[in-house]
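*Asks:*
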Amino acid sequence: MARNPTKMNDQLVPDSEALLLIVAESLLSRAGLSALLDERGCFVLGQVDGADLQQDLDRLEPDLLVVDMGWDAEQMRERLARIERDIPLLALLSVDDDGDLPPLLGLLRAFPCFALLLRDSAPDAIVAALAALEQGLTVLDPRLIASLSAAPPVDAVAPSNPLTAREIEVLQLLARGLTNRAIAHQLGITQHTVKYHVNAIMGKLDAQSRTEAVVRASQLGMIVL
670 MARNPTKMND
680 QLVPDSEALL
690 LIVAESLLSR
700 AGLSALLDER
710 GCFVLGQVDG
720 ADLQQDLDRL
730 EPDLLVVDMG
740 WDAEQMRERL
750 ARIERDIPLL
760 ALLSVDDDGD
770 LPPLLGLLRA
780 FPCFALLLRD
790 SAPDAIVAAL
800 AALEQGLTVL
810 DPRLIASLSA
820 APPVDAVAPS
830 NPLTAREIEV
840 LQLLARGLTN
850 RAIAHQLGIT
860 QHTVKYHVNA
870 IMGKLDAQSR
880 TEAVVRASQL
890 GMIVL
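Counting the sequence shown from 1 gives a position; our numbering is that position plus 669.
(1) By the DSSP assignment, the alpha helix (DSSP H) with I756 in it spans what residues?
(2) State buried or exposed for T880, treating a residue as buried only when at least 16 other CB atoms are found within 10 Å of its CB.
(3) Put L847 into one of helix, strand or coil per three-state DSSP.
(4) So, at 8 Å on beta carbons, what are the nonlocal neighbours of A853 in its own chain, with the 5 sequence-adjacent residues on each side left out?
(5) Which of the three DSSP states, helix, strand or coil, is assigned to G872?
(6) Specify the secondary structure class of L889 as computed by DSSP and reduced to three states.
(7) Pull the bridge partners of F780 from the DSSP assignment, please.
(8) Closer than 6 Å by C-beta to D737: which residues in its own chain qualify, once you throw out the five before and the five after it? Chain order, please.
(9) Out of L770, E838 and L690, state which residue places its alpha-carbon closest to the alpha-carbon of Q724.
(10) Within 10 angstroms of the Cβ of P831, are there 16 or more other Cβ atoms? Answer buried if so, exposed if not.
(11) Opposite D737 in the DSSP bridges: which residues?
(12) State the DSSP-derived secondary structure class of G701, mapped to helix, strand or coil.
(13) Check whether the Cβ atoms of L688 and F712 lie closer than 9 Å to each other.
(14) Assuming L813 and L785 are in contact, meaning their beta carbons sit under 8 Å apart, how far apart are those beta carbons, in whole angstroms?
(15) Is the beta carbon of V796 less than 9 Å from the beta carbon of L706?
(16) State the Cα-Cα distance for the pair D684 and E743, rounded to the nearest angstrom.
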């Protein structure tokens with residue numbers, strides 16, 4: 670991550686230090702993460718809400734992303750899926766959102782390396798994860814590993830109307846965190862057709878959202894992570 674020394678806040682940042690971009694929809698979360706990391710000697714380049722993430726990346730050129738997935742992890746996931754930049758990423762997930770794990774992990778695997786921690790992680794754990802990312806390592810909170818290995822719930826019932834081969838393809842791409850537009854490009858079909866398949870998948874799996882559909886399919890062993 671070498672770069673020419675950068676002057677920030679009247680301080681010369683050595684080219685060995687990674688510049689961090691904080692991404693969180695909540696202003697309070699952005700400020701809290703920025704203060705936490707700044708206190709521990711990290712160099713925070715900026716704070717953004719993620720609405721125009723690609724533009725922010727092009728403008729600021731950070732070395733690492735620190736992303737609070739927020740209360741609507743699906744929305745932040747779709748924003749991350751649209752960026753066109755190979756950059757290490759640390760994502761913080763709410764302890765109540767471990768049902769978002771399958772699609773989120775699918776998305777994170779598209780990044781050169783990633784760290785996935787729970788939002789209540791200790792500050793030192795967050796800093797250690799950032800250091801691991803700088804070394805090209807992947808970090809996963811042990812508590813999330815436990816969630817992934819947990820037995821499927823008893824109410825995971827196979828759909829009475831099986832998914833078609835095309836719906837299975839779309840489902841796999843949903844699990845990777847791809848948007849309808851990206852899925853359409855990948856499969857060579859229109860976004861309207863993708864939307865039709867997504868609605869059919871949700872109906873067959875009795876799901877109220879894309880995330881819920883992926884979670885139910887994962888519980889049924891229909892998705893290869």
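Backbone N, C-alpha and C define an ideal beta-carbon position, used for all residues, glycine too.
*Replies:* According to the structure shown:
(1) Where I756 is concerned, there is no enclosing alpha helix (DSSP H), given that its DSSP letter is neither H nor E.
(2) buried
(3) coil
(4) T859, Q860, T862 and V863
(5) helix
(6) coil
(7) Answer by DSSP bridge pairing: none, since F780 is not bridged.
(8) A693, S698 and L761
(9) L690
(10) exposed
(11) L761
(12) helix
(13) yes
(14) 6 Å
(15) yes
(16) The predicted model places D684 with a pLDDT of 47, which falls under 50 and marks its position as unreliable, so this point remains unresolved.
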